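Undergrad: My questions all concern the structure below.
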Amino acid sequence: MAATGFFIRDWNGNVRLAGAKKAGQATITVAECLALRDINNGRRKILIEGDSKLIIDCLNEKTLVPWSIHLLV
Numbered sequence: 030m031a032a033t034g035f036f037i038r039d040w041n042g043n044v045r046l047a048g049a050k051k052a053g054q055a056t057i058t059v060a061e062c063l064a065l066r067d068i069n070n071g072r073r074k075i076l077i078e079g080d081s082k083l084i085i086d087c088l089n090e091k092t093l094v095p096w097s098i099h100l101l102v
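Per this note's numbering, the very first residue in the sequence shown carries number 30; after that it's consecutive.
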């Protein structure tokens, strides 16, 4: 079972929102994509930190998105 979690902080570093949820039977890469999709819901000017170099590279358009996650990125 995979799970996702996130923190939203203001410019002073104070936590403004936090959340977590089950991602079901997902790979780590898919779980990270789901978390990013949830947090990026219409927000602008966000700073994303993540564990997956693949996901960060896809978001920065430095690599092609693998077919297994192309609907999530």
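By construction, the Cβ of each residue, glycine as well, lies at the ideal position given by its N, Cα and C atoms. It should be emphasised that the depicted structure is a prediction, and the values quoted were computed from it without experimental measurement.
Would you report the Cα separation of Pro95 and Ala52, rounded to the nearest angstrom?
TA: 19 Å
Undergrad: Which of helix, strand or coil does DSSP assign to Lys82?
TA: Helix, per DSSP.
Undergrad: Looking at the structure shown, is Ala55 part of a helix, part of a strand, or coil, going by DSSP?
TA: coil
Undergrad: Could you give the first and the last residue of the continuous beta strand (DSSP E) run that contains Arg38?
TA: Ala31 to Arg38
Undergrad: Helix, strand or coil: how does DSSP classify Arg66 here?
TA: helix
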